[in-house]
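Enquirer: Got a structure for you, written out below as structure tokens; questions coming shortly.
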Amino acid sequence: MKVILVLAAIVCSVAGHGAYRFSDGYLDVLGGEPSQSFSCDGRPYGYYADVDNDCEIFHVCWPVEDDAGAITETAQYSFFCGNQTVFSQDTLSCAHPEDAFPCDQAAGYYDIVNAEFGRIPDAKA
């Protein structure tokens with residue numbers, strides 16, 4: 212298992228982080244080059260709507276720790292939503308704009324939603 216983790220880390224290091232690296236065709240969906248203003252620096256693990264790009268883009272921030280548990284960097288991976296959809300910060304998914312959480316309010320919801328990510332509710336007796 213450790214070998215797999217080491218290999219994955221090497222591949223990620225060699226390939227670089229995926230901040231604002233998109234698949235072919237992203238310009239057709241986004242309509243032009245996106246603003247590259249969002250940064251994961253200092254953010255905890257989570258999913259983040261990119262408000263400066265009208266939430267058509269979202270980012271996954273992943274704090275990378277050393278063997279002692281100290282954060283050495285925060286990796287940033289960027290994705291774009293499908294045509295005519297935006298990232299909804301409340302559900303951490305892409306949705307039609309009329310069904311999505313208001314983009315201009317997404318930043319105020321980052322900590323609330325990401326704190327619940329991966330949490331398994333207690334089973335009711």
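The opening position of the sequence shown corresponds to residue 212 in our numbering, with each subsequent residue numbered one higher. Even glycine gets a Cβ: it sits at the ideal position worked out from N, Cα and C. Values in this document were obtained by computation on a predicted structure and should not be read as measured data.
Can you name the start and end residues of the alpha helix (DSSP H) that ILE323 belongs to?
Expert: On the sequence shown, position 112 is the one that residue 323 refers to. 321-327 is the span of the alpha helix (DSSP H), which, as asked, contains ILE323.
Enquirer: How would you label GLY227, buried or exposed, when you count the other beta carbons within 10 angstroms and need 16 or more for buried?
Expert: Taking the sequence shown and counting its residues from 1, one reaches residue 227 at position 16. Unreliable placement is indicated for GLY227, whose pLDDT of 48 sits below 50; the coordinate value is still reported in the next sentence. By the neighbour-count rule (16 or more Cβ atoms within 10 Å), GLY227 is not buried but exposed.
Enquirer: Count the other CB atoms within 10 Å of the CB of SER289; is the residue buried (16 or more) or exposed (fewer)?
Expert: The sequence position of residue 289 within the sequence shown is 78, counting from 1. Counting Cβ neighbours within 10 Å, SER289 comes out buried, since at least 16 surround it.
Enquirer: Taking TYR258 as part of the beta strand (DSSP E), name the residues at either end of that continuous run.
Expert: Stepping through the sequence shown from its first residue, residue 258 is reached at position 47. TYR258 -> beta strand (DSSP E) spans 257-260.
Enquirer: Confirm, please, whether the CB-CB distance from ASP261 to CYS314 is below 7 Å.
Expert: The residue labelled residue 314 in the question sits at position 103 within the sequence shown. The residue labelled residue 261 in the question sits at position 50 within the sequence shown. Not a contact, by the Cβ cut-off of 7 Å.
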